[in-house]
Structures are given as C-alpha cells and as structure tokens.
C-alpha cells in the first residue's frame with residue numbers, strides 16, 4: 265500500500281481517495297479540535313477504513329489543525345486474520361490426528377477382548393454340553 269502525505273486546504277483537493285470520502289461523509293473530522301482524539305471507521309470504495317484524528321494547536325500563534333490518519337482495515341487486520349486462519353487450521357489438523365491416534369489406540373487395547381469373548385462363549389458351550397448341566401452332576405468336588 266502506498267503512503268500519501270497531503271496538506272491541502274480543500275477536501276476536494278486531497279490526493280487520497282479515502283480521505284476525500286471521509287471529508288465528504290464526516291466533514292467534522294477535518295475541523296481542528298485541540299486536545300481531542302477520535303477513532304472510527306468508514307466505508308470508501310467498498311472497503312472499510314480506520315480513521316484516527318487528533319486536534320493540534322500552537323500556543324504561540326493560535327494556529328489549530330486536525331491531524332488525520334486513514335488506513336485500510338485490510339492493512340491493519342490482514343496479518344491478524346491470516347495468522348488466525350493458520351492457527352485454526354493447525355488446531356483442526358492436530359485434532360484430526362489426535363482423534364485418529366485415539367481411535368487406533370482404543371482399537372489396539374480392545375483387540376484382546378475379542379479373544380476373551382470367544383473363549384467365554386466356548387467355555388459356556390462346554391459347560392452346557394457337560395452331563396448334569398452347568399450347576400450339577402459329577403464335578404469331583406466333595407462328592
């Protein structure tokens with residue numbers, strides 16, 4: 265983005281389009297107001313711009329002026345938005361990797377349960393097939 269420094273008497277003479285738009289939309293922003301600091305936003309050419317104004321005055325000569333800074337929102341927030349989007353992408357990718365690792369770890373830990381369940385079913389079938397059923401018959405204990 266190019267920088268424009270202009271000191272003009274009339275707003276229509278400003279070289280920077282957003283500054284002309286600010287002068288047309290809010291002429292009070294260009295009026296000197298000593299000691300007053302104002303920050304706001306406005307639209308120009310379909311883009312949002314930040315504007316900051318400080319009123320300055322000279323005590324020796326009684327001269328007052330308004331110092332106005334106009335900056336496109338994309339210049340201020342562009343890097344912040346890009347960093348935010350990168351951080352969100354990194355967190356999302358990390359979450360997917362951690363979820364996949366957790367699923368694999370759980371499957372690995374639960375794999376022996378299939379063998380245990382198979383053996384329990386086999387044991388249940390053997391007990392039911394034994395003479396006298398599962399709770400009676402010739403078990404060889406005290407009897």
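Residue numbers (our numbering): 265 to 407. Note that CB positions come from ideal geometry on N, CA and C, so glycine has one too.
Between the alpha carbons of residue i and residue j, how many angstroms are there, rounded?
i           : j           : result
residue 372 : residue 346 : 39 Å
residue 300 : residue 339 : 25 Å
residue 285 : residue 308 : 6 Å
residue 390 : residue 381 : 14 Å
residue 348 : residue 358 : 15 Å
residue 387 : residue 375 : 19 Å
Could you check which residue in the options has the C-alpha nearest to that of residue i?
i           : options               : result
residue 316 : 282, 389 and 353      : 282
residue 290 : 332, 381, 388 and 355 : 332
residue 233 : 309, 310 and 314      : Since the first and last residues shown for the chain are 265 and 407, residue 233 lies out of range.
Within this structure, are the beta carbons of residue i and residue j separated by less than 9 Å?
i           : j           : result
residue 312 : residue 337 : yes
residue 287 : residue 328 : no
residue 334 : residue 280 : yes
So residue i and residue j are in contact, right, with Cβ under 8 Å, and what is the actual spacing, rounded?
i           : j           : result
residue 342 : residue 330 : Not confirmed; about 27 Å, so no contact.
**OP:** Tell me the start and end of each unbroken beta strand (DSSP E) in the stretch 276 to 360 that is at least 3 residues and wholly inside, in chain order.
**Re:** With a minimum length of 3 residues, the continuous beta strand (DSSP E) runs that stay inside the stretch 276 to 360 are 301 to 308, 311 to 321 and 328 to 336.
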